[in-house]
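Enquirer:
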Amino acid sequence: MLTFTVRRLVLAVPTLLFISLVIFLLLELAPGDPMAQVPLTVPPEVKEKMREALGLGQPLHIRFWKWIVQFFWIEPQVLIDHYFGTGFSQGDLRVISWQTRSPVMDIVIQRIPQTLWVVGTAYVVAIIIALPIGIYSAYRQYSWFDQLGTFVSMVGFSVPPFFSGVLVIVIFSVQLGWFPSIYDTTHQVTDWDSFVVQLKQMIMPVMVLALQITAQLSRFMRASMLDNLNQDYVRTARAKGISEYMVVMVHVLRNSMIPVITVIALGIPAIFGGAIITEQVFKVNGIGQLLIGAIQANDLPMVQTLTFIFAVLIVLFNLIADVLYGVLDPRIRYD
Amino acid sequence: MLDQSIAQIRELRVEFQTKDGPVVGVEDVSFEICPGETVCIVGESGSGKSVSSLSLMRLVEFGGGEIVNGRLLFDRRDGGETDLAKADQDLMRHIRGNEIGMIFQEPMTALNPVFTVGRQLTEGLRVHKGMSRRQAEDRALDLLRQVRIPEPERRLKQYPHELSGGMRQRVVIAMAMACEPRLLIADEPTTALDVTIQAEILALMDRLKRETGTAVMFITHDMAVVAQMADRVVVMFRGNKVEEGTVEEIFENPQHDYTRSLLAAVPKLGEMRGKANPEPMKLMGVEGQNLQPIPGTDDEILKVRNLTTRFAVKGGFFRRTVAWVHAVEDISFSLNRGQTLSLVGESGCGKSTAGRSILRLVEPMSGQIELDGVDVMALDNPALRKARLDMQMIFQDPFASLNPQMQLLDQVAEPMRNYGIATGSELHDRVATLFDRVHLPRSFMRRYPHEMSGGQRQRIAIARALALNPKLIIADEAVSALDVSVQAQVLNLMMELQADLQLSFLFISHDMAVVERVSHHVGVMYLGRIVELGPRSRVFENPQHPYTQALMKAVPIADPHKRKSERDLNFKPIPSPIHLRGYRAAPSEYREVEPGHLILTTDSGY
Amino acid sequence: ERGSDGNVSIIYWQAPSILNPYLSSGTKDIESASLVIEPLGRYDETGALVPFLAESIPTIENGGVSEDLTSITWKLKEGLKWSDGSAVTSADVKFTADYCMHPEGGCAQLAKFEGVSSVDIVDDLTVKVTFSEPKPVPYGPFMGGQSPIIQAAQFADCLGPKAPECTEANFNPIGTGPFVVDEFKPNDVITMSANPNYRDPDKPAFATLTFKGGGDATAAGRAVMETGEYDYAWNLQLAPEVIAKMAEAGRGTPIAAFGTLVERIELNLTNPSPDLPEGERSTAKAPHPFLSDLKVRKALSMAIDRELLVEIGYGQAGRPTCNVVPAPELYASDNTDCIGQDIAGANALLDEAGVVDTDGDGIREKDGVPLKILYQTSTNAVRQDFQALIKQWWSEIGVETELRNISGSVFFGGDPGSPDTFQRFYADVEMYANNFDGTDPESYLAQRTCDKFPSPDTQWQGENINRYCDPAYDELVAELGRTGELEKRGEIAKKLNDMLTKDSYSMLPLVDRGRVSAHSNTLGGVILNVWDSELWNAADWYRLEGS
Amino acid sequence: MTELTTPGPANPPRSQWLDVWDQFKTHKGALIGGILFMVIVLAVYVGPWFWTIDPTLIDIRARNQAPSLAHPFGTDQLGRDMLARMMAGGATSVSVGITAMLLALFLGSFVGVLAGYFRRFDGPLMRLTDLFLALPLLPLLLVMMLLFREPLNAAFGPEQGIFILIVASIGITSWMPTARIVRGDVLALKEREFVLAARSIGTTNSKMITRHILPNVLSPIMVSATLGIATAIITESALSFLGLGFPPDFPTWGRLLFDATDYLQQYPERVFWPGMAISLTVLSVNYLGDGLRDALDPRIRGR
Ligand SMILES: Nc1ncnc2c1ncn2[C@@H]1O[C@H](COP(=O)(O)OP(=O)(O)OP(=O)(O)O)[C@@H](O)[C@H]1O
Ligand SMILES: Nc1ncnc2c1ncn2[C@@H]1O[C@H](COP(=O)(O)OP(=O)(O)OP(=O)(O)O)[C@@H](O)[C@H]1O
Ligand SMILES: [Mg+2]
Ligand SMILES: [Mg+2]
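Chains as they are written, first to last, in the numbering used here: chain A, 18 to 352; chain B, 373 to 978; chain C, 1025 to 1571; chain D, 2 to 304.
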């Protein structure tokens, strides 16, 4: 198991390097210009000056190398400095966003809390809702509950969030006035009242997001449960005289969770990646919004860094899912 | 006798709701089981054996079945008699595992793969006996000792996949016995196991029954097992009971036609004693059988020398080969035209690998294979493809070896298409002839595999193997998955083809009785090596190698007077065939005890 | 009284990413920064100059501007303090100029400092800006939201290439404005509180301010006018009926004002045909086969119903115009003859010019070249509606139009390698909006001189998009540069405007685009200003009583 | 007396597809889904033959009309007929859905079969799949848009060009799950004895794949297919939302829905039509997929 993990970790390095190169090249090759949003009243010479100030004049490979060094060498040092008060990164040039002229990482770190709050909660809520639905749907296959569950989850799957989001805003914010339509990222939870406020502003985005995730997860859970319900060991368990609840919730569930847990693990990078559309609709201004904003403004360092962080997370969670699989399923042991 | 019976099944009728309307699983079955008695239910596949037993446990409901008629009277431990057919599931839950224990057919899947053996063993105890965890574990340990599992303490913490099939089945038995049920239902508990393990498990059950006085309802389709175990026998046929009686009655004086044909189809070890050549079995209700012995020729068609096949085990950081599975280790034999050489041995001893190596479906590491003068090992890919025209294979599982998505016509025609032997109407004609050859109606050509019975499917596989007019057919457990009656038909068909076409068979099986019936020569394999090789009559009548002798002893005989006891049996588990890189396997050396009868003298690991 | 009215919240659907206007020219950045740092003087809602940090606006009359128009002398108000309590001095002003004019700084507002030869400290409160040549309008540096004064002490280490590294200063500049930054989350939200050292002790009325960014105009409008979560929403580029519907909710009011932004169609006077070799395509070497004909151009203009365009695309926030310089009044021509749509007249004009359909396919030909037009613009819903409408009108005068839209970041990106930039103009006509900075159109009009052609030689840079070239025009532009007298300047500017529009029809102005913002009905003191930051008078805002 | 010979199976021999159809028919949801999908497809492709109003025709006098006889779905802010636009938009959306799905399916099955069947391709191809999984969809799409839009526009005209681009980008970024599933199934299939049997009768690799492997992985592929259509339609609409999809004058359901959300309160029906169309299509296709999976799975069909 350990060798497997280490091996995969080591193999991940060239994969990641390759991915970073691909990302870098792709983005570099894309036309578009960070100066596009500069008003037309600014004369071209000035724009040219500004472009040079961003370091755009250098050749590609030098910028790639610089970026790699900044990303893999300097940023980790900054992190260490941040936690241990050391001074390794003093004076080093960090990855600087063209838009804000500040280190990309600082902004990313700033965005993580609200992303986790909203997208993470949505994920948790979705899991909490989806699993019981999936279990019960499978246990009572083709019952009205199952049919309804299937229908609702497919509707949930088919409604784009930019539509459902606006719909709930119009209903709950505009018509009923229950919840704010705009997420306040500066809100601090200090006491019960402020917690209620936080809850209120989270409800709509969380629900819109959770609807989608629930839809998919419950389908997964159902399929996995169905697979296991027909297994021989279930009959053995029943023959032992164990109660039906125990049979389903202990024997079947434990086995069914194995594939579902890996699916859940593989979905976690998406939490960090944010939910671009939902964030946009509710103005949550998390990582997703950061990415789309950076793309629109052609803020290459930001886009590169974000996409690469995302790639790292995907590779990492792929690995975690594999390891988890081995841990959960005693039959699978990597060596 | 009636009033002391522990369970009575009266006019049981079970139906399943399917999309094609109700299917009757059991039509009308009545019998009873008395305390301390073993009742064997026999019958071919699909005759309703499992459904009856599951009904008694009221587990059919979970499979979509419904008890539409009949009573299931069960004598509760506290003396009251209850009709289980009407009991609610709460009561059933109390009875299941506690008063009726059940053992299932497939030890591989009957255990939950993600829980430890200990956990699964103690579960029932804690539910029914209200034991604490500690108490339950102690009892579990006890149980494991009772079923004679080596190192019981360690087993408790292991997962099912870490145990061998025999050990798993012992765990299942221990589980069923945990609460000392009054009735034990065993649904084909040994079908999936090797003879040696089967013998042990049977003996174990017999002992447990005697020690605890439990009544046993034993389900099987193997008459030899019945002869070993039963006090009384119930014969079932298509959902009905056709005959009931004591073992002796059934074996010595069967009344019903079906019972008789069933018995006739069972090859009995020792039947061929004194005969040099194999001959087809005499079957009930078949007219005009040609029962002539098949002599074959002395003309050598396949010569295998020092064949070795190993599989690499990759591991470590760089995924290099760290060890080898020595699946086939230095075996040599030859096979004559029109004759059958059988390879027997326990599961995992390398029989299949040997067969596949000859066809080069797996690449052998070294050795020589010579088929009718052609050096198979030296062939390149196109030439090898050509060479396979002369040698074909039939696989164990008739369902798995046919493509579920193709019509039978196409499946049989495929080899001829591949080699461009025939096209168009000629192809069609040839396929039709092949169908005739294997006694299948031509109207089946447009069917799909799932529309056929197991025996019919195996005939298709044979027809496909015959399509290319091969000289050699490797039959890898070709009849193991079939019901006895069907098995007999298929065996006869194979022998008929051999007589007619001068086919040579390399027959791979673990069933000694079948091997005795069909072979001219026999090779006994153990741990990748042939430990004993010789003419069938010599090997069976005069086994010299200790392993062969033990194997012979383990084979159940379809005769209630020749029962075996646990004491006779003493098998060591097969050692692992995996050796680290750098291990050098010693060459096999043989001693000729009689003309053509060889015995391995070097270490075989047994 | 300062801080008595609690919190005011502002929503911009574009989020500010930096609070230093010298490093960004985005409106969102400049306007959010204007709450914190201030220039010497600003333009008010009428476009008139009002002093902010300066004592008064220097003019020739009051002697602040030298007679030869080569220098201007600013005098700071007395007793001004930075929000950290230190005094504002003329050194800060000079530093601001040094900061932006640093050759390696990449200053976004460098254009403001064009022609500045030196900035000298006269005394603690006085600075003198000297220009290398006469400047009739010397109000570039330190005037308006784009050119505020920054604190020398804070930015001292941030000169030149180090400018972007001063994150702390860029995100939290010390200023003189009514508010100071508490926390800046780039591209998200800014929280501010009242500046304790603000020069008017009674202002601002609000103790704190929240400046939220992001989302879209609909959501911003909704938050102010429908749910009342926010007090002020910026630039609601929404369909008129959507705004009207939101206003019905009764919580907020949309307000509109007009500046100089004109949506126009540029007609390519050179030939963009892909058949031409690279280097000749869309350059002066190849005149356009039919757009070089004045009558064709005029007919195209006549076919357009500008009033309908306004109604559909802008409503309250737009008005039909025939001018490139629609404001201020002094410079705005009275030309309105293009407003009425006249399809029949356009057809007649073309017939008369001999541009008729000769082969019966419904498309007119000029000298055998069919009037097929490639019409490009940036991707934007309103623009695509316009394209669709205009295509239909043009089809009624026998002109076939192919529509094309290009992502704004490419279209306006100016990448010399891209064939799709608006400067390159590989199309027959293109539509976009442009305006000029401040109130003086001189440099704006000067963009249409012959030497400002974008061409391969200039890496396709240059402002004379439609390749209009008229020596008389160039001459008049030069004269404008020499004229200091306002009346006279106005006359020349109008003349230039007319030359571009009603005389030559080289461009077809469509809509004078105003700006619509919305404020809550409980927010008082809002005066919408399009000549400077919209938040220019945030110090004067207050909460209305009874709410 | 009991009959001793084994009777043949009850049902007469029949074609496999009839069987599939039989099983499919019993799945009510799938049947309704299938019919609905057919209706939608017919409506968007054949509809314009009967409802001949040009979806781009501007009738400025008829702006923002409520549904009426002349305009059953009403008109938009430029007076374009919503029904015609719905059909035109549907034609695009459904075409995008189907073609993108086909592309993803082709790529996914191709990679999956290759990786599963040929051991030596397994490692590289699976790393490639990982690579594509790790490449974030959005920037990739964006880059593809920006990179290839022009050449494609030049080669196929603006509408075809962008269509190809969107289909390609959706297809290229969504084949990975299919590839993984197919690979897994192929790996399992390869261990099945009939593959070994086929090899022993001299079946070549290419024949093996087409005859034995592909038909047996059809069922997961079909399920991916139906899911793929739905995802592609939704992805397209999300792209429109982010301003990266088809140009605004080019109606698709996603674009219509997005444009209409601004008018949610004034003209709710304008949101309703495209929202309904997307949901119905996705729903119907999903049910269709459920039914197909059941129908194609021999285990279920054999029951
Ligand atoms: N879940 C089910 N649904 C439909 N029919 C069933 C089901 N289970 C069993 N049957 C049918 O009931 C009949 C009896 O089956 P049963 O399993 O008892 O056979 P068996 O004698 O145990 O056979 P085997 O030796 O193969 O285990 C068969 O015809 C079978 O098709
Ligand atoms: N492809 C393979 N890779 C690695 N090891 C293998 C492979 N195939 C077989 N083996 C190992 O080789 C040994 C011999 O296997 P083989 O299948 O030949 O046994 P067998 O005698 O046919 O058993 P059975 O009766 O169960 O079919 C076993 O230990 C098995 O685990
Ligand atoms: Mg059974
Ligand atoms: Mg085998």
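The beta carbon of each residue, even a glycine, is placed where N, CA and C say it ideally should be.
(1) Cβ closer than 7 angstroms: which chain D residues qualify as neighbours of Ile1489 (chain C)?
(2) How is the beta strand (DSSP E) around Leu844 (chain B) delimited, first residue to last?
(3) Ligand 1 and Cys676 (chain B): does any heavy atom of the ligand fall closer than 8 angstroms to the residue's C-beta?
(4) What residues in its chain sit with their C-beta under 6 angstroms from that of Ser1049 (chain C), if we drop five residues either side in the sequence?
(5) Give the DSSP bridge partners of Tyr962 (chain B), in chain order.
(6) Ligand 1 and Asp559 (chain B): does the residue's C-beta get closer than 8 angstroms to at least one heavy atom of that ligand?
(7) Does the CB of Leu1262 (chain C) have a neighbour CB from chain D at under 9 angstroms?
(8) To the nearest angstrom, how far is the alpha carbon of Ala11 (chain D) from that of Gln779 (chain B)?
(9) What residues from the segment 472 to 493 of chain B come within 7 angstroms of chain A, judged by C-beta to C-beta, listed N to C?
(10) Report yes if the CB atom of Arg677 (chain B) is closer than 9 angstroms to the CB atom of Glu742 (chain B), and no otherwise.
(11) Could you give the first and the last residue of the continuous alpha helix (DSSP H) run that contains Leu216 (chain A)?
(12) Determine the chain B residues that contact Gln164 (chain A) at a beta-carbon separation under 8 angstroms, and present them in chain order.
(13) Which residue from B:Val386, B:Asn441, B:Arg789 and B:Leu497 puts its Cα closest to that of Glu254 (chain A)?
(14) Have a look at Val344 (chain A) and Ala860 (chain B) and give me their C-alpha separation to the nearest angstrom.
(15) Does DSSP put Tyr118 (chain D) in a helix, a strand or coil?
(16) In this structure, how does DSSP classify Ala1562 (chain C) when only helix, strand and coil are distinguished?
(17) Buried or exposed for Val1112 (chain C), going by 16 or more other Cβ atoms inside 10 Å?
(18) Is the beta carbon of Met242 (chain A) within less than 8 angstroms of some heavy atom of ligand 6?
(19) Check whether chain C comes within 9 angstroms of Pro14 (chain D), counting only Cβ atoms and requiring the distance to be less than that.
(20) What span of residues does the beta strand (DSSP E) with Val1535 (chain C) cover, start to end?
(21) For Met1216 (chain C), does the three-state DSSP call read helix, strand or coil?
(22) What residues from chain C crowd round Thr57 (chain D), counting only those whose CB sits closer than 8 angstroms?
(23) Taking the alpha-carbon positions, what's the Gly1027 (chain C) to Trp1037 (chain C) distance?
(24) Would you say Val39 (chain A) faces chain D, with C-beta separation under 9 angstroms as the test?
(25) Taking Val716 (chain B) and Met601 (chain B) to be in contact with their CB atoms under 8 angstroms, please state how far apart those CB atoms are, rounded to whole angstroms.
(26) Output the distance between the C-alpha atoms of Glu868 (chain B) and Ala226 (chain D), rounded to the nearest integer angstrom.
(27) Any beta carbon from chain D within less than 9 angstroms of Asp762 (chain B)'s own beta carbon?
(28) Let me check one thing: in DSSP terms, what residues is Asn441 (chain B) bridge-paired to?
(29) Is there at least one non-hydrogen atom of ligand 2 closer than 8 angstroms to the beta-carbon of Gly980 (chain B)?
(30) Taking buried to mean at least 16 other C-beta atoms within 10 Å of its own C-beta, is Asn914 (chain B) buried or exposed?
(31) Give the secondary structure of Arg692 (chain B) by DSSP, where H, G and I count as helix, E and B as strand, and everything else as coil.
(32) What is the residue span of the alpha helix (DSSP H) that Ala278 (chain D) lies within?
Expert: So, from the listed chains and residues:
(1) Close to Ile1489 (chain C), with beta-carbon spacing below 7 angstroms, lies no residue of chain D; the smallest spacing is near 21 angstroms.
(2) Leu844 to Asp848
(3) One point to set straight first is that residue 676 (chain B) is Val, not Cys, in the sequence displayed. Because no heavy atom of ligand 1 lies under 8 angstroms away, the Cβ of Val676 (chain B) does not count as near it: no.
(4) Ala1132
(5) For Tyr962 (chain B), the pairing in a beta bridge is given by DSSP as B:Leu972.
(6) yes
(7) Answer yes: the Cβ-Cβ gap between Leu1262 (chain C) and chain D drops below 9 angstroms somewhere.
(8) Note that Ala11 (chain D) scores 44 on pLDDT, short of 50, meaning its location in the model is unreliable; the coordinates nonetheless yield the value given after this. Approximately 17 angstroms between the Cα atoms of the pair.
(9) Met474, Phe476, Glu478, Thr481, Ala482, Leu483, Asn484, Pro485 and Val486
(10) Yes, the Cβ-Cβ distance between Arg677 (chain B) and Glu742 (chain B) is below 9 angstroms.
(11) Trp209 to Leu246
(12) Going along chain B, no residue has its Cβ under 8 angstroms from Gln164 (chain A), so there is no contact; the nearest lies around 18 angstroms.
(13) Correcting the residue identity first, residue 254 (chain A) is Ala in this sequence and not Glu. Ala254 (chain A) has its Cα closest to that of B:Leu497, out of B:Val386, B:Asn441, B:Arg789 and B:Leu497.
(14) 47 angstroms
(15) The three-state secondary structure of Tyr118 (chain D), taken from DSSP, is helix.
(16) helix
(17) buried
(18) Looking at this structure, you won't find ligand 6 anywhere; what it does contain is ligand 1, ligand 2, ligand 3 and ligand 4.
(19) For Pro14 (chain D), the predicted structure reports a pLDDT of 45, less than 50, and the residue's modelled location is therefore unreliable. A value from the coordinates is still provided. Output row for Pro14 (chain D): interface = no.
(20) Met1531 to Ser1544
(21) Strand.
(22) Per Cβ cutoff of 8 angstroms: Ala1412.
(23) Cα-Cα distance, rounded: 26 angstroms.
(24) yes
(25) About 23 angstroms separates the two Cβ atoms, so there is no contact after all.
(26) 50 angstroms
(27) Asp762 (chain B) does not count as touching chain D.
(28) B:Arg385
(29) No answer is possible for residue 980 (chain B): it lies beyond the span of chain B, which begins at 373 and ends at 978.
(30) That one is exposed.
(31) strand
(32) Pro269 to Leu297
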